[in-house]
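In the order they appear, the protein sequences are chains A and B. Under the numbering used here, the first residue of the first sequence is numbered 1074, with each subsequent residue one higher. Under the numbering used here, the first residue of the second sequence is numbered 31, with each subsequent residue one higher. The structure appears right after this line, and notes come after that.
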Amino acid sequence: MSSKDIAADEFLSGDAAAAEGAIAVGCRFFAGYPITPSSEVAERMARRLPEVGGIFIQMEDELSSIAAILGGSWAGKKSMTATSGPGFSLMMENYGLGIMTETPTVIVNVQRGGPSTGLPTLLGQGEFMQARFGTHGSLEAIALSPESPQECFDFAIRAFNLAERFRTPVILLMDESVGHLFEKVRIPPQRNIEAVSRKLPEEVPYPPFRADEDLVPPMPPLGDGHHIHVTGLTHDDEGRPEMTPKMQEELMGRLVNKIRLYKDEIMDIEEDGIDDADIVVVAYGITARSARRAVTLAREKGIKAGLFRLKTVWPFPTERLRELAEQGKKFVVAEVNTGQALIMVEQATRKDAVFVGKYGGEPHKPFEILNGIEEALHADN
Amino acid sequence: MSRTEIKIGGFGGQGVILAGLVLARALSLYEGKQAVFTQEYGAEARGGSSASGVVIDDERVDYPYPLNPDIMVLMSQGAMKTYLPLMKDGGILIIEKDLVRLDKIPESVGEFHSIPATKLAEEVLHNKIVTNIIMVGFIAKVTGVVSKENIKRSVLEMVPAKVRELNDRAFETGYNYDEGAE
């Protein structure tokens, strides 16, 4: 029996766990430019990929890193890069290219304090909106936000499965605290790991952008006899540029709707103590762990609070939050930025939320969020 | 066991990060606890402040950082100034005897221990690099937070093969240190 046939417990950082999850689901190509606090992802991949027949390349910068993984994916390999704030900004243009060319890839962003080079070794959560709106044009994004090394492992797997299912880049939106803290990670036996692979065309040649009924086109790999043309320009289903309003409508409509119409399949929310709650605390990543403690402290004081944790941050659970607002619940939003999820929560609930923000550098202390819960309890709305 | 917090503070190069990591790893993998390990460090590789945190619980650990450590291990004067005020009343305080000057043990401290870990590393083991593992052995002995067998296993698995024997002796030196003898 090989070690891959039995479950194993390892004591891993979030960064290392994300790398292991990627390898477990079949990622065999990584191109990246190390940057704190994501460097341990690259470090782990550099050591582990050659052991499993994969390829690791350290590129000259982040522009080439993301370009390389788009190429790796077209060559048929599950591909990933990892970066942090400044590198994520540099990747934005080719992130859009990945969306336009429907290229399944995973981009790990271990958020640190920004803007610019900001706080290299310290926490930030400032890319909540950038993950969704950071590249130009209209699009729908998929982004996941783990709160523990176990989830870094599990969500890396899910990020690849969503990327392959929807033929689109998926963002694993981590943060410095979760990336650097160590906890036990249960690595299941290989046979128990669900690995989704992109649809392949049944005929050769097959037009690389001709979608099925679910709006997702099968993806012909390069070198298998298909006539493949890949462009960032608006294109027809053969991949030939066709820059007309009609084609723009057709293509963009499909790219947006292949995610929008299936968002219930993507969204994953943890609701803890929400049913009887008067106060709903919305949080994600490391902040959710502070919020969970704050909710426990509030309950001990007799305040009915609950945690609404965004395990997926995009697509955003607007309808569910609106439903909770209509039940008369009040909202607290905690995040390490100046109010990004806050905008989405207030738009969804159509009322003001109490905001507990931090500029970055350290996670919330539980009492800071508890203060927000008490403020919400006494607020008028 | 309810939530227990351990803080180990010192300066870069003393190995306080590895000390916390081997402890948390032993508790997590070999004692069936929920354990989280976190670290704080400056931008410098050596000489800056450095600290690690371990939070242990039977249940899932929510907030992963020590707030009021039950066990406080201080290996530099700077760490003493920063972290001593955070200590929980009645907690266990452990200091590096030659590197932390404490005029008076605060009344809130429940139990106090000290060990000249750096001097022992230099004089007994002739290698300052194992100061942290001497401290780990001492922590295991005086706190009983982890079994000797499990923490030793964790240490020996985490260090390179060529220095395993050295670390084994360092651990035993800390574990068997007699505070009353000096």
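The C-beta atom is built at its ideal place from N, Cα and C for all residues, glycine as well.
Can you list the residues of chain A that F67 (chain B) reaches, using a CB-CB cut of under 8 angstroms?
-> F1084, L1254, F1255 and E1256
inquiry  = Please classify G1298 (chain A) as buried or exposed, where buried requires at least 16 neighbouring CB atoms within 10 angstroms.
reply    = exposed
Quick one: what's got a C-beta closer than 7 angstroms to A1364 (chain A)'s C-beta in the same chain, skipping five residues either side? V1354, A1356, L1380, A1407 and I1442
Worksheet entry | Neighbourhood of E1237 (chain A) by C-beta, 6 angstroms cutoff - its chain only, sequence neighbours within 5 removed | P1177, V1269, S1270 and R1271
Identity of the residue in B:A191, B:K149, B:I163 and B:F168 nearest G123 (chain B) by Cα:
Sequence inspection shows Leu at residue 123 (chain B); the Gly mentioned does not correspond to that position. When only C-alpha atoms are compared, the closest one is B:F168.
I1215 (chain A) and W1387 (chain A): beta carbons closer than 8 angstroms? yes
Taking 7 angstroms as the limit between beta carbons, can you name the residues of its chain near L1235 (chain A), skipping five residues before and five after?
I1215, V1243 and I1339
For the segment 110-125 of chain B, enumerate the residues whose C-beta is nearer than 7 angstroms to any C-beta of chain A, in chain order.
none
Discussion item. Between L186 (chain B) and chain A, is any beta-carbon pair separated by less than 8 angstroms?
Written reply: no
Taking the alpha helix (DSSP H) that F201 (chain B) falls in, what are its first and last residues? R194 to Y205
Considering A211 (chain B), what are the terminal residues of the alpha helix (DSSP H) in which it resides?
Premise fails: A211 (chain B) is in no alpha helix (DSSP H) and is neither H nor E.
Notebook entry, point to check: Is there a Cβ from chain A that is less than 8 angstroms from the Cβ of R55 (chain B)?
Noted result: yes
I want to see whether chain B comes within less than 8 angstroms of R1393 (chain A), judged by CB atoms only; does it?
no
- Message: Once DSSP output is grouped into helix, strand and coil, what is the label at A109 (chain B)?
- Response: helix
Rounded to whole angstroms, how far is the Cβ of A1421 (chain A) from the Cβ of L1383 (chain A), which I believe are closer than 8 angstroms?
-> With a Cβ gap of about 12 angstroms, A1421 (chain A) and L1383 (chain A) do not count as contacting.
message: I'd like to check one pair, R1185 (chain A) with S1157 (chain A): are the Cβ atoms closer than 8 angstroms?
response: yes
| Given that a residue counts as buried once 16 or more other Cβ atoms are within 10 Å of its Cβ, and exposed if not, what is T1304 (chain A)? | exposed
Next on the checklist: Please report whether the beta-carbon of M1074 (chain A) lies at a distance below 8 angstroms from any beta-carbon of chain B.
Outcome noted: Here M1074 (chain A) scores only 45 on pLDDT, less than 50, and its place in the model is too uncertain to base an answer on.
*asked:* For A1090 (chain A) and M1247 (chain A), I'd like the C-alpha separation in whole angstroms.
replied: 12 angstroms
Check your understanding: In chain order, what residues of the same chain lie with their CB nearer than 7 angstroms to the CB of I1446 (chain A), ignoring the 5 residues before and after it?
Key -> I1352, V1354, A1367, A1371, I1376, A1378 and V1405
Legend entry - Residues that L48 (chain B) contacts on chain A, provided the C-beta gap is smaller than 7 angstroms: Chain A residues near L48 (chain B): none, gap ~12 angstroms exceeds 7 angstroms.
Item to complete: Pull up the distance between the alpha-carbon of Q1528 (chain A) and that of S1086 (chain A), whole angstroms please.
Response: Limits of chain A in this structure are 1074 at one end and 1454 at the other, which puts residue 1528 (chain A) out of reach.
Exposure of P1110 (chain A), with buried meaning 16 or more beta-carbon neighbours within 10 Å: buried
- DSSP puts S144 (chain B) in a beta bridge; with which residues? B:I125
Interface positions of the segment 1157-1180 of chain A facing chain B (Cβ-Cβ less than 9 angstroms), listed along the chain: none
Among A:L1122, A:R1117 and A:E1093, which one has its Cα closest to the Cα of R1101 (chain A)? A:L1122
task: Determine contact between the segment 1277-1296 of chain A and the segment 1250-1262 of chain A, defined as no fewer than three beta-carbon pairs at a distance below 8 angstroms.
output: no
Closer than 7 angstroms between beta carbons: that is the criterion. Which residues of the segment 1200-1229 of chain A meet it against chain B? none
>> Taking the straight line between their C-alpha atoms, what separation do you get for R1240 (chain A) and G43 (chain B)?
In response: 47 angstroms
For this session: Give the residues of chain A in contact with P94 (chain B), contact being defined as C-beta atoms less than 7 angstroms apart.
Result: L1254 and R1362
If you drop the 5 nearest sequence neighbours on each side, which residues of the same chain put their C-beta closer than 8 angstroms to that of K1438 (chain A)? S1363
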